[in-house]
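These notes concern the structure reproduced below.
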Amino acid sequence: MKIKPTWTQSFDHFIQFLLVGEGIGKFMKKDRLSGGDRKQPFVLAIGGKLNLIQTFLIFEIHCIETNSILKAVDICFKLIYILNFLHNAAMYGIS
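Residue numbering for the sequence shown follows full-length UniProt numbering, starting at 1 and increasing by one per position.
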């Protein structure tokens, strides 16, 4: 029996937050090597949930800077639907 994730679980899976100064390069290397269940594309935000400094779209090995969280989410959803990606079950709550 499949259990639908909560919206907070979907949100946390779809948007990854890094604290200022943690380093994107280190995150990208760790994320690739960990082989976790996060499917790409996803949004990477630098700063807190209420105080974003920078936003990026992560796709394959590319880290694309965007000018807002809205733009990053927009591009991410377009990639998912246009390229017909199979995404993680945690994403079904927000699709």
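The beta carbon of each residue, even a glycine, is placed where N, CA and C say it ideally should be.
Helix, strand or coil: which one does DSSP assign to residue 53? It is a strand residue.
Report buried or exposed for residue 62, applying the criterion of at least 16 other Cβ atoms within 10 angstroms of its Cβ. It is exposed - the Cβ of residue 62 has fewer than 16 other Cβ atoms within 10 Å.
Going by beta carbon distance, what residues of the same chain come within less than 6 Å of residue 95, once the five residues before and after it are set aside? Bear in mind that a pLDDT of 46 at residue 95, under 50, signals an unreliable position, so the number given afterwards is only what the model happens to contain. Excluding its 5 nearest sequence neighbours in each direction, residue 95 has no C-beta neighbour in its own chain below 6 Å.
Taking the beta carbon of residue 66 as the centre, do at least 16 other beta carbons fall within 10 Å, making it buried, or is it exposed? A buried status is given to residue 66, since no fewer than 16 other beta-carbon atoms sit within 10 Å of its beta-carbon.
Helix, strand or coil: how does DSSP classify residue 85 here? Secondary structure of residue 85 (DSSP, three-state): coil.
Taking residue 20 as the reference, which of 12, 59, 44 has the closest Cα? When the alpha-carbon of residue 20 is set against those of 12, 59, 44, the nearest one is in 44.
May I ask which residues mark the beginning and end of the beta strand (DSSP E) holding residue 43? Taken as a continuous stretch (DSSP letters only), the beta strand (DSSP E) holding residue 43 covers 42 to 47.
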